[in-house]
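> One structure, as structure tokens, below. Some questions next.
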Amino acid sequence: MSFSRHRLREAAFQTLFALDSAPEMDRYPIFAEVLELNKNEAVPTFAAGLVDGVIANQASLDEKIASHLAPGWTLDRVARPNVIILRLALFELMQQAAPAPVVINEALQLTSTFSDDKSKAFVNGVLGNFVPAE
0 MSFSRHRLRE AAFQTLFALD SAPEMDRYPI FAEVLELNKN EAVPTFAAGL
50 VDGVIANQAS LDEKIASHLA PGWTLDRVAR PNVIILRLAL FELMQQAAPA
100 PVVINEALQL TSTFSDDKSK AFVNGVLGNF VPAE
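Under numbering that gives the first Met the number 0, the first residue of the sequence shown carries the number 0, and numbering increases by one thereafter.
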């Protein structure tokens, strides 16, 4: 089955969100349910790479994100969906596999789908700190 990159980012977000509350879970069943995969279908490499990369780099991603929060704010104060979207987007920005505007736009679309409109400005503001001005 073929999926758009947007759909794979959604699946990566949903998988990371599930793993955030139950880190001991196996990733495949989550992906399989989210993407409606058959038993013998492999998880698309792009989505698996995003999830594995975010998990492997979570501590450094969180540190970078926290350094750009308002004074007195910690990651614990930020809504979980927003933290996960920021981790996912920052990991993608670090990989430089897609142009920064595309990554940020995708993050804002995820925010619209999985968070609220007020969060879009927050996510955009934090991610803007990681993109050099042109």
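C-beta atoms are modelled at their ideal positions from N, C-alpha and C, and glycine is treated no differently.
Predicted model, so just to flag it, every value in this text is computed and none were measured.
Measuring alpha carbon to alpha carbon, tell me which of Asp116, Val50, Val77 ends up nearest leucine 18.
Nearest of Asp116, Val50, Val77 to leucine 18, Cα basis: Val50.
> Secondary structure at threonine 73, three-state DSSP: helix, strand or coil?
Coil, per DSSP.
> Quick check on glutamine 13: does DSSP put it in helix, strand or coil?
Three-state result, glutamine 13: helix.
> Checking 9 Å against the spacing of the C-beta atoms, do alanine 88 and glutamate 105 come in under that value?
Yes, Cβ-Cβ distance for alanine 88 and glutamate 105 is below 9 Å.
> Ignore the nearest five residues each way along the sequence and tell me which others in glutamate 40's own chain have a CB closer than 7 Å to its CB.
Excluding residues within five positions, the ones whose Cβ falls inside 7 Å are Met0.
> Serine 111 lies in the alpha helix (DSSP H); which residues open and close that run?
Where serine 111 is concerned, the enclosing alpha helix (DSSP H) stretches over 99–113.
> Answer yes if the region 97–111 comes into contact with the region 55–69, meaning at least three C-beta pairs across the two stretches below 8 Å, and no otherwise.
Output reads no: the region 97–111 does not touch the region 55–69.
> Using three-state DSSP, classify lysine 63 as helix, strand or coil.
Helix at lysine 63.
> Just the C-alpha distance for glutamate 91 and alanine 11, rounded to the nearest angstrom, thanks.
C-alpha separation (whole angstroms): 12 Å.
> If leucine 85 sits next to alanine 46, beta carbons under 8 Å apart, how far is it from one beta carbon to the other, in whole angstroms?
In fact, because the Cβ distance is near 18 Å, the residues do not count as touching under 8 Å.
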